Each structure stands twice: as C-alpha cells, then as structure tokens.
Amino acid sequence: MPQTPTPPPYAAYFSARDKTLAQRWARCQPAAAQGRAFTLDAVDPDAKPFSLGDKAEDKAAVEALAMEIDTLQNLFYADKRYKLLVLLQGTDTAGKDGTIRSVFGRTSALGVHAVGWKVPSETEQAHDFLWRIHQQVPQAGDITVFNRSHYEDVLVPVVNGSITPQQHQQRLAHINDFERLLSETGTVVLKFLLHVSPEEQRARLQERLDDPAKRWKFSLGDIEVRRQWADYQRAYDQLLAATHTPWAPWTIVPANSKTHRNLMVATLLREVLRNLDLRYPGGDPQLKHLTVA
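Next up, the structure:
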C-alpha cells in the first residue's frame, strides 16, 4: 500500500521553477495586497499575465500543456502517493466548464473526475455544510475538479442573509480546518477564482439567450444574482482574505479572455504536478526478468 507522504513546506507545492513565472503567480494571489485589505476591484479581469503575446500562440500552448498534463496525470495515477483537488470558483459565465474542457480534455476519464455542485438537497441540508463535500474529495492517485465548491456556502447564504455574521466566520474557519486536514493527509488543494468583469458577464449571458444551443444554460435566477453583483464581490473579498492559506492558497485568474484563462490554469496545474516528484512504483521484483511466451 502506498504511503501518504509527509507534507513538505507548502511553498514547495505552489511554486514555479522559472523565477519570472513564480513572480507572475505570486502577483495573482490575495497575499499580493501586502497587508492592505484585499479587494477584487484591484485585479483587472482583462489582464493577461501568462499570455505569450499572441492568441494563436496561446491556444497552441494550451493544447501542448493539455498533452503534458495527460502524461503527468498518468504518472500521478500510478504513483498513488497523492490526491489532487482542483477548485474552480467564479460567478455565472466565468468559464468553469470551458476550463475543464480545455485543460483536462486530453486526460483519461479513469483518473480525472469532475463534480458540479448545485443547491444542497434536503438530505444535504440536514448535515453540516461540508458533509457532502467530503464525500467527493479525491482518493489516492485521482484528480478531482470541483465546478463550484464548498465556497458557495460562504457566498449565497451571506449575500441572502440566511446565516449570521458569527456563522459566516465559523464557516470560514471550518473551511480552513477542512482544507488543512486534506492537505496533511496527502491531498494537494489547488484553488482558482475565475475573475470576469460585469460587462463581460452581461455579454456572455446575452450570448446564451441569443443562441438556441446555449439557451438551456440560462436561468431567470441568473438575472437576480447579477443584480447582487456588488454583494457577491464583497463576499468574495472576505472569503479570499480569510481562506488564502499556505496549505490551500488562492490564485485569481483574469478570465475575460477565455484563451488566457485556460493557459493560466493549465500552466499552474502543470507546475504543481511537476513539483510532486512523481515516480512510477517499483513493481514486483520477480517480474524484472520475466518473458511472456
């Protein structure tokens, strides 16, 4: 049975070998506020810090990265010392589905699982808010991608006023403890906030309405949530500041450009997988000189 690795300094997971890339990554984290109160308003959703300078070149890079991630995922699956949880959080139309298709489109369905989180069921609401989440975290050797996540439980109830400020703070603390538990037992928690502007969201919602092939994605509730844009941004500011931890840091992805969004997520995922020093298991020594007749 593979042994769960002793967690190294967490910075060893969430770093890039290239110094310039490491600096770009650091600037896309809430800690970049350097002691000032963090706000998403300070992050330009049109920015392209990971772009190679040309859209065609960026698209080619995403495809190459997807192939490399496939190779690394195969090794990750064989190694089985780690689990990887990738969180994609963001407003409606931020591009969570598109990111999954582009970044993981080349990987085997046997080792990568996507979970889309909806409104909690009656049974789920009868338990603590993390009960349903814990059931879906990855097992050894697996990569699990959350489309939305437990962070919905410190967004929607906060904006709608269904929990008290004290309960809000409790939930933020519980999330930090939960993610630390996962990290200390071999799960690498990689969190991305896909950040789009209200203008870009409006255009994407209108595109859904105008396209019969996309209209099924649209809900009248999307309009009501859009009216609460400022409230949701404040709730995001709070959760980012409270849950950006050494064991589960946030990365804010400027996502008005879909190509840049995919390139940035794929680049950083590749870096994290590289940092794990993955290796194939030794196998049975008796097989070394076996010849199949």
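Heads up: take any position in the sequence shown, counting from 1, add 121, and you land on this note's numbering.
Built from N, CA and C at the ideal position, the CB exists for glycine as well.
These numbers come from a predicted model, not from an experiment.
- [ ] Indicate the three-state DSSP secondary structure (helix, strand or coil) for ALA154 in the structure shown.
- [x] Here ALA154 scores only 49 on pLDDT, less than 50, and its place in the model is too uncertain to base an answer on.
Open item on the list: If distances are taken between C-alpha atoms only, which option among ILE296, ILE254, SER270 and ASP213 comes closest to GLY342?
Closed with: ASP213
Open item on the list: Quick check: the segment 158 to 166 against the segment 355 to 369, are at least 3 beta-carbon pairs closer than 8 Å?
Closed with: yes
TODO: Identify whether ALA177 lies in helix, strand or coil by the three-state DSSP scheme.
DONE: helix
Task: Nearest neighbour of ASP274, chosen from GLN290, GLY262 and ASP263 [CA to CA] - done: GLN290
Task: Contact under 8 Å by Cβ, LEU389 with TYR203 - done: Between LEU389 and TYR203, the C-beta gap is not smaller than 8 Å, which leaves the two residues out of contact.
TODO: Could you give the DSSP three-state label for ASN383: helix, strand or coil?
DONE: helix
Open item on the list: What does the alpha-carbon distance come out to for the pair PHE339 and ARG355?
Closed with: 24 Å
Open item on the list: Considering Cα atoms alone, identify which of ASN377, PRO406, ASP332 and PRO402 is closest to LYS217.
Closed with: ASN377
Open item on the list: In whole angstroms, give me the CA-to-CA distance for GLN155 and VAL279.
Closed with: Residue confidence is low: GLN155 scores 48 on pLDDT, short of 50, so the model does not pin down where it sits. Its coordinate-derived value is still stated next. GLN155 and VAL279: Cα-Cα distance of roughly 26 Å.
Open item on the list: Quick check on DSSP: helix, strand or coil for LEU161?
Closed with: Helix.
Open item on the list: Between the alpha carbons of GLY403 and ASP191, how many angstroms are there, rounded?
Closed with: 21 Å
Open item on the list: Quick check: LEU311 and LEU208, are their CB atoms within less than 8 Å of each other?
Closed with: In terms of Cβ geometry, LEU311 and LEU208 form a close pair [threshold 8 Å].
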